[in-house]
Amino acid sequence: MINLKFVDPLITRLEKENLKKAINSGWLSAGPYVNKLEKKLSNIMDVKFGITVNNGTNAIFLILMSLNLKRGDEVIVPSFCYISPIHMIKIMGLKPVPVDIKLDNLQIDTDQISKKINKKTKAILLIHNYGSICNLQKIKKIAHKKKLFIIEDTSEVILSKQNKYFVGDCRGYNKDRYISYASFHASKTIITGEGGMIMTNSKKISSNLKILRNHGQKSNRPYFYHMMGGNFRLSNLLASIGYSQLLRLKEIRKKKIEINFFYEKNLVKNENFSLMTDPLNFSPVRWGFPILFKKLNDRNNIMKILNKNSTVCRPGFYSLNKLKHLNIYENKISSKSDFKNAEIATNNVLVLPMHNKLKKNELKFICSKINSYFHN
Ligand SMILES: Cc1ncc(COP(=O)(O)O)c(C=O)c1O
Numbered sequence: 109m110i111n112l113k114f115v116d117p118l119i120t121r122l123e124k125e126n127l128k129k130a131i132n133s134g135w136l137s138a139g140p141y142v143n144k145l146e147k148k149l150s151n152i153m154d155v156k157f158g159i160t161v162n163n164g165t166n167a168i169f170l171i172l173m174s175l176n177l178k179r180g181d182e183v184i185v186p187s188f189c190y191i192s193p194i195h196m197i198k199i200m201g202l203k204p205v206p207v208d209i210k211l212d213n214l215q216i217d218t219d220q221i222s223k224k225i226n227k228k229t230k231a232i233l234l235i236h237n238y239g240s241i242c243n244l245q246k247i248k249k250i251a252h253k254k255k256l257f258i259i260e261d262t263s264e265v266i267l268s269k270q271n272k273y274f275v276g277d278c279r280g281y282n283k284d285r286y287i288s289y290a291s292f293h294a295s296k297t298i299i300t301g302e303g304g305m306i307m308t309n310s311k312k313i314s315s316n317l318k319i320l321r322n323h324g325q326k327s328n329r330p331y332f333y334h335m336m337g338g339n340f341r342l343s344n345l346l347a348s349i350g351y352s353q354l355l356r357l358k359e360i361r362k363k364k365i366e367i368n369f370f371y372e373k374n375l376v377k378n379e380n381f382s383l384m385t386d387p388l389n390f391s392p393v394r395w396g397f398p399i400l401f402k403k404l405n406d407r408n409n410i411m412k413i414l415n416k417n418s419t420v421c422r423p424g425f426y427s428l429n430k431l432k433h434l435n436i437y438e439n440k441i442s443s444k445s446d447f448k449n450a451e452i453a454t455n456n457v458l459v460l461p462m463h464n465k466l467k468k469n470e471l472k473f474i475c476s477k478i479n480s481y482f483h484n
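The sequence shown runs 109 to 484 under the working numbering.
Structure below.
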């Protein structure tokens, strides 16, 4: 029987050997693998500075802390995305201002951003949903005019390339106003279990983040604190796993690209669903493979068929206006129309697994279940 899971991290002998070395070294909290991981990933990405953190949620929390924003300042976000960046914006006393998504790629609709910008807007938070990509060029132009920060969440797209550049490399915009980050959660492309990394080309931002990450302490003066901070540090044990994954980077990318290609080729296209439309110059390394169905019923039936024995696939996110605790209409900047496409995505998106343990017969199984649903 096929025993498929949506999350199934591939940890090889290399990761286990390096983890053992980390344990035996006695460096369990800070340690050399943390520095190695930061250096290696920033070199690969061609970004000047990499700052590891203990998860992706804390990456955005730390970034927001570092920007000196005031209570009530506004941050543009997509109205359909993973929740944690939105929670961190709210916890910081800032206001998330949702902008609807486009249905052809489930990314923020750049044409609707400008009308949401006012004097209180301080940043645009880009979240590349499911490994497709926002229109970065347009967003940079909009942000430049208003001198906004760009924060780029690459958790679901890391290791993807646009032209020959890795997404999240912070190029093409004022370096003191551009920060990217990624989660290394067990479901992601680079895995440490819990973990993440912030990337920037700005020495100023990087130094600030390193101090904040460590209780507000500069590394050369023990027990002297310069500012309010916290413990956002990644452990050396987990960094050893992430570093090992980077040594297997080519293999990880290749496999993910192959899985994406397999789905695109083997899902028989018909009018009942659509796949993502990516720009031609983009080669995706996706976190999950989204399908947008025309009808909620089809999405739910297929989810039931695939998830009979275990969780093979997942539904899409909830449109932010559907999560009542966010109280998204309170700021009066948002209205129903900001969630039109996001609500369609909530009802009609299904996400297929993309992890590196997937075998060909398992991919065939998934595609055949979907194909036969529509063709029998
Ligand atoms: C886009 C995005 N941002 C942030 C996060 C949060 O990362 P973490 O789970 O490491 O806190 C996730 C998922 O895990 C995510 O998919």
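Here a beta-carbon is modelled for each residue, glycine too, at the ideal position from N, C-alpha and C.
Closest Cα partner of asparagine 309 within the set Tyr286, Ala138, Asn429 = Tyr286
request  = Out of Tyr371, Cys475, Glu379, point me to the one whose CA is closest to leucine 414's CA.
outcome  = Cys475
query = When every heavy atom of ligand 1 is checked, does at least one fall within less than 7 Å of the C-beta of threonine 165?
reply = yes
request  = Starting from the C-beta of phenylalanine 196, find all residues in its chain whose C-beta is less than 7 Å away, skip the five residues before and the five after it, and write them out in chain order.
outcome  = The amino acid at residue 196 is misidentified as phenylalanine; the sequence shows methionine. Thr165, Ile168, Phe169, Leu172.
Residue span of the beta strand (DSSP E) that contains leucine 234, given as start and end = 229 to 235
query = Is tyrosine 426 near ligand 1, with its Cβ less than 7 Å from a heavy atom?
reply = no
query = Does the region 391 to 410 come close enough to the region 231 to 239 that 3 or more CB-CB pairs lie under 8 Å?
reply = yes
ask   = Buried or exposed: where does lysine 416 fall if 16 or more other Cβ atoms within 10 Å of its Cβ makes it buried?
value = exposed
task = Going by DSSP, name the residue or residues bridged to histidine 293.
result = Gly301
key: CA-to-CA distance, asparagine 408 to lysine 402, given in whole angstroms   = 11 Å
message = Suppose contacts are defined by Cβ-Cβ distances below 8 Å. Is serine 391 in contact with serine 268 by that definition?
response = yes
ask   = Residues in its own chain within less than 7 Å of aspartate 208 by CB, not counting five upstream and five downstream?
value = Ser187, Asp217, Gln220, Asp446, Phe447, Lys448, Asn449, Ala450
key: DSSP three-state assignment for lysine 203, whether helix, strand or coil   = strand
inquiry  = Is histidine 433 near ligand 1 - that is, is its Cβ less than 7 Å away from at least one heavy atom of it?
reply    = no
inquiry  = If you follow the alpha helix (DSSP H) that leucine 458 is in, where does it begin and where does it stop?
reply    = No alpha helix (DSSP H) contains leucine 458, which is instead part of the beta strand (DSSP E) from 457 to 460.
query = Quick one: does alanine 347 have its CB under 8 Å from some CB of chain B?
reply = Reference to chain B is not applicable here, since this structure consists of a single protein chain.
query = Buried or exposed: valine 376, going by 16 or more other Cβ atoms within 10 Å of its Cβ?
reply = exposed
inquiry  = I need the straight-line Cα distance from valine 393 to asparagine 464, nearest angstrom please.
reply    = 11 Å
ask   = Less than 7 Å between the CB of glycine 134 and some heavy atom of ligand 1, yes or no?
value = no
message = Nearer than 7 Å: is that true of the beta carbon of glycine 338 relative to any heavy atom of ligand 1?
response = no
message = In the DSSP assignment, the alpha helix (DSSP H) including leucine 404 goes from what residue to what residue?
response = 404 to 414
Residue closest to aspartate 386, alpha-carbon to alpha-carbon, out of Asn271, Lys156, Leu145, Glu146 = Asn271
request  = Tell me where the alpha helix (DSSP H) around leucine 400 begins and ends.
outcome  = Unbroken run through leucine 400 is the beta strand (DSSP E), 397 to 401; no alpha helix (DSSP H).
query = When every heavy atom of ligand 2 is checked, does at least one fall within less than 7 Å of the C-beta of glycine 276?
reply = The model depicted lacks ligand 2 and carries ligand 1 instead.
task = Going by CA-CA distance only, name the one from Gly324, Lys254, Ala290 that's closest to lysine 227.
result = Lys254
message = Does the beta-carbon of glutamate 359, which I'm using as the reference point, lie nearer than 7 Å to any heavy atom of ligand 1?
response = no
query = Under a Cβ-count criterion, where at least 16 other Cβ atoms within 10 Å of its own Cβ denotes burial, should tyrosine 437 be classed as buried or exposed?
reply = exposed
ask   = In chain order, what residues of the same chain lie with their CB nearer than 6 Å to the CB of leucine 346, ignoring the 5 residues before and after it?
value = Thr300, Gly301, Gly303
ask   = In whole angstroms, what is the alpha-carbon distance linking glutamine 245 and glutamate 182?
value = 22 Å
ask   = Can you tell which of Ala294, Gly280, Met153, Leu404 has the C-alpha that lies nearest to the C-alpha of valine 115?
value = Ala294
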